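Below is one structure, written out as structure tokens; the observations come after it.
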Amino acid sequence: MARPENDVAPPNRERYTLDGGETVEARIDRDQALIGAAVQEVLGPPEFRALVLMGGYGRGEGGYVWRDGRPEAYNDYDYFVVVRGLSRARRNALSEALAERARDLEHQVGVEVDFALLSDDRLPHAEYSLMNAEMIWGHRVVAGDLDVLDAMPLMPFGSLPLGEFTRLLLNRGALLLMNQRRLADGTSLGPQAQEVFFKYLFKAVLACGDARLAGEHVYHPSYVKKLELLESIVWDGKSELMDCYRQAWENKFHPDYGRYVDDDAEGWQERVVRLWLDTLAWFEGCRTGKNVGDWISYCSPSVPKGQGRTSWGALRNAAITLRDFGPAEVLKRPRWALRYPRERLISVLPLLLSHRGESRISGIAGALAVATGASWTDAADRFLQLWRRYA
0 MARPENDVAP PNRERYTLDG GETVEARIDR DQALIGAAVQ EVLGPPEFRA
50 LVLMGGYGRG EGGYVWRDGR PEAYNDYDYF VVVRGLSRAR RNALSEALAE
100 RARDLEHQVG VEVDFALLSD DRLPHAEYSL MNAEMIWGHR VVAGDLDVLD
150 AMPLMPFGSL PLGEFTRLLL NRGALLLMNQ RRLADGTSLG PQAQEVFFKY
200 LFKAVLACGD ARLAGEHVYH PSYVKKLELL ESIVWDGKSE LMDCYRQAWE
250 NKFHPDYGRY VDDDAEGWQE RVVRLWLDTL AWFEGCRTGK NVGDWISYCS
300 PSVPKGQGRT SWGALRNAAI TLRDFGPAEV LKRPRWALRY PRERLISVLP
350 LLLSHRGESR ISGIAGALAV ATGASWTDAA DRFLQLWRRY A
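Per numbering that gives the first Met the number 0, the sequence shown starts with residue 0, numbered consecutively.
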């Protein structure tokens, strides 16, 4: 049965935030009651089993801000809606209904609301992933069966496949590419765009910290513990990463991106991209046991990225490539066709981030299945299109 690990202090399930007072906690609690009631208006028993709050608010580390003297949530509210006995047609209809309700709720609670359906019969066979391990460890059942996740298998953090953190670096690096794409447009950033820009920078920095801990085999899901552990580890280049990390850490709990409104966005981007590239190179060395010689060599299907762990994966990947890229791609690049498409993205992202504006970078065309000589802008747009599908 899934329970918090003995070697990791369980989260405070009585709070949504790290240090918010009663007014802050009451505001978020009202949001949860509103959202829980809305979901149960759409879905009732016996199909409905539970509404599970994930992420920072689920583990008691959510962020908040004060506006006009009143507290507001800052981060998204992310949920799994655990259901039973749904046909495919009913599931599709329910997903659409919940998405529509989520849009209405966002106007009421002030942050994005995201629902994902999870069938209860899949819980005992849930993938051993970073997301699932963190959900087991730190979640809050807003409505329904309080013990619903007990059916999930144990997922100790110390044994997580390191490819899970390569995937995390991919997803946060994609945010850096979005920033880079915006800079390439040459348009100035207004205050709101500047806030999003720095949010993406700091998400990437926090992921670098996670990868550092995972590579040292001391990963912990709590950001309070993460900071403590990172302070205790010694590595080359620590001071620059930790300078950025402390700022990212503080803004996670107490967002104040207005302080960066006059900062040099491009200078910050270059700094964080460098930290991300250095972290990825170090981490992939830990994961594979081999040094990453250069990013062109890394952009190859012969370098596994840790995204396939089943014996029948190559056949499945070929079928996915055939379905999503077409038969010509299977014939033209058979080695890439045998890799799950996410491996293409991990392979090519360091090149896109380190060669902004350049075209005809060796390996990019093959990895992204674009025409040889495609511009950096076209390659970046293709990457982001694929990433939204395979992240």
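Every residue, glycine too, gets a C-beta built ideally from N, C-alpha and C. Being a predicted model, the structure only gives us computed values, none of them experimental.
H219: which of F164, Y199, T186 sits nearest, CA to CA? Along the sequence shown, read from residue 1 onward, the residue named residue 219 stands at position 220. Measuring from the Cα of H219, the nearest candidate turns out to be F164.
When DSSP labels each residue in this structure, what does Y78 get in the three-state scheme? Translated into the one-based positions of the sequence shown, residue 78 becomes position 79. It is a strand residue.
Rounded separation between L385 and G20 - CA only: Sequence index remark: in the sequence shown, residue 385 carries index 386 (1-based). Sequence index remark: in the sequence shown, residue 20 carries index 21 (1-based). Cα-Cα distance, rounded: 42 Å.
Output the boundary residues of the beta strand (DSSP E) element that contains F197. For the purposes of this step, residue 197 is identified with residue 198 of the sequence shown, where counting begins at 1. Where F197 is concerned, there is no enclosing beta strand (DSSP E), although the alpha helix (DSSP H) it sits in stretches over 190–214.
Restricting to runs no shorter than 4 residues, where is the alpha helix (DSSP H) found entirely within the segment 264–324? Runs found: 264–287, 294–297, 312–324.
Alpha-carbon to alpha-carbon, L212 and F282: Counting from one through the sequence shown, the residue named residue 282 turns up at place 283. Counting from one through the sequence shown, the residue named residue 212 turns up at place 213. Roughly 10 Å between the two C-alpha positions.
Hey, Y297 and S353 are a contact pair by Cβ (cut 8 Å); roughly how many whole angstroms apart? Along the sequence shown, one-based indexing puts residue 297 at 298. Along the sequence shown, one-based indexing puts residue 353 at 354. About 11 Å separates the two Cβ atoms, so there is no contact after all.
Closest Cα partner of A247 within the set L229, T278, L200: Residue numbering aside, residue 247 sits at position 248 when the sequence shown is read from its first letter. The residue with the shortest Cα to Cα distance from A247 is L200.
CA-to-CA distance, R48 to L148, given in whole angstroms: Reading the sequence shown from its first residue, position 149 is the one you call residue 148. Reading the sequence shown from its first residue, position 49 is the one you call residue 48. Their Cα atoms are separated by approximately 11 Å.
Indicate the three-state DSSP secondary structure (helix, strand or coil) for D18 in the structure shown. Here residue 18 is taken as the residue at index 19 of the sequence shown, counted from 1. Here DSSP, grouped into helix, strand and coil, assigns D18 to coil.
For M177, which of helix, strand or coil comes out of DSSP? As a first step, residue 177 must be located in the sequence shown, where it is residue number 178. Helix, per DSSP.
Taking the C-alpha atoms as reference points, what is the distance between T22 and W65? Here residue 22 refers to the residue found at position 23 of the sequence shown. Here residue 65 refers to the residue found at position 66 of the sequence shown. One C-alpha to the other measures close to 11 Å.
Three-pair Cβ contact test at 8 Å for the segment 113–126 versus the segment 144–163: In short, these stretches touch, since the Cβ pair count reaches three.
Y63 - containing alpha helix (DSSP H), residue span: By 1-based counting over the sequence shown, the position of residue 63 is 64. Taken as a continuous stretch (DSSP letters only), Y63 belongs to no alpha helix (DSSP H), being part of the beta strand (DSSP E) at 63–66.
State the Cα-Cα distance for the pair Y389 and N170, rounded to the nearest angstrom. Locating residue 389 in the sequence shown gives position 390, counting from the first residue. Locating residue 170 in the sequence shown gives position 171, counting from the first residue. Approximately 10 Å, taken between the alpha carbons.
Rounded to whole angstroms, what is the Cα-Cα separation between F79 and L175? Translated into positions along the sequence shown, residue 79 becomes position 80. Translated into positions along the sequence shown, residue 175 becomes position 176. The straight-line gap from Cα to Cα measures roughly 27 Å.
Using only the alpha-carbon positions, how far apart do L168 and A92 sit? Translated into positions along the sequence shown, residue 168 becomes position 169. Translated into positions along the sequence shown, residue 92 becomes position 93. Spanning the alpha carbons of L168 and A92 requires a straight line of approximately 34 Å.
Just grab the DSSP bridge partners of L117 for me. For the purposes of this step, residue 117 is taken as the residue at position 118 of the sequence shown. The bridge partners DSSP lists for L117 are V81.
Whole-angstrom Cβ separation of N316 and G307, contact assumed at under 8 Å? In the sequence shown, residue 316 corresponds to position 317, counting from 1. In the sequence shown, residue 307 corresponds to position 308, counting from 1. G307 and N316 do touch by the CB rule: their CB atoms are close to 7 Å apart, below 8 Å.
Best match in Y76, A96, D255, Y256 for proximity to G57 [C-alpha to C-alpha]: Numbered from its first residue, the sequence shown carries residue 57 at position 58. Ranking Y76, A96, D255, Y256 by Cα distance to G57 puts Y76 first.
Straight-line Cα distance separating A336 from R322: Within the sequence shown, numbered from 1, the residue matching residue 322 stands at position 323. Within the sequence shown, numbered from 1, the residue matching residue 336 stands at position 337. Roughly 11 Å between the two C-alpha positions.
Does the beta-carbon distance from L50 to V41 come in below 8 Å? As a position in the sequence shown, residue 50 is number 51, starting the count at 1. As a position in the sequence shown, residue 41 is number 42, starting the count at 1. The Cβ atoms of L50 and V41 do not sit closer than 8 Å to each other.
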